[in-house]
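Heads up: the sequence shown is residues -16 to 93, going by our numbering.
We put the beta carbon where it would ideally sit given N, CA and C, even for glycine.
Here's the structure, in structure tokens; my notes come after.
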Amino acid sequence: MTGYVQVFTTVPSADEGAALARSITSERLAACVQIIGPIRSLYWWQGALRDEHEWQLIIKTTSARLAALENHIKANHSYETPEIIATEITAGSDDYLDWISAETQRIDAS
């Protein structure tokens, strides 16, 4: 059985979120990316407490695609250290999980 993960990252704008989500799905690194926002994030960065609006991406993919997805996020993200947190999906609808597998394995996106 293929393992499944949900990956979280945040971006500074809706446009960057849409571009990143489109590139992730176009390259079949994930079956689905949801964009939520704006959200308010308070975090420490370079010794200062930041209070910013961000957009959160929730990415559904297989464990097998995780390393490639992480590399893609790092290469296409505007943050020096982007959030990349993966949580294992331990249970879910068989139909939905099968769909994730099928869509991340397709070679031709058309």
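Between the beta-carbon of residue i and the beta-carbon of residue j, is there less than 8 angstroms?
i: G(-14); j: T70; result: no
i: I56; j: Q39; result: no
i: A50; j: L12; result: no
i: E66; j: F(-9); result: yes
Run through the DSSP bridge pairs and tell me what residue i is partnered with.
i: H36; result: R23
i: I42; result: V(-10) and V16
i: T70; result: Q(-11)
i: A1; result: In the DSSP output, where bridge partners are listed per residue, A1 has none listed.
i: A31; result: W28
Just the Cα atoms here: how many angstroms apart are residue i and residue j?
i: M(-16); j: G0; result: A caution first: M(-16) carries a pLDDT of 43, below 50, which makes its placement in the model too unreliable to give a value.
i: E53; j: I42; result: 11 angstroms
i: I83; j: I68; result: 18 angstroms
i: A92; j: A31; result: Since pLDDT at A92 reaches only 46, below the 50 mark, its modelled position is unreliable, and no value is offered.
i: E86; j: W28; result: 36 angstroms
i: R33; j: S76; result: 39 angstroms
i: I7; j: V16; result: 8 angstroms
i: S(-4); j: A2; result: 10 angstroms
i: Q(-11); j: A74; result: 12 angstroms
i: H36; j: A58; result: 22 angstroms
i: I72; j: L80; result: 9 angstroms
i: D(-2); j: D78; result: 31 angstroms
i: R89; j: R48; result: 12 angstroms
i: S24; j: E10; result: 29 angstroms
Give me the Cβ distance between residue i and residue j, rounded to the nearest whole Å; I'm assuming they're in contact under 8 angstroms.
i: A4; j: I18; result: 6 angstroms
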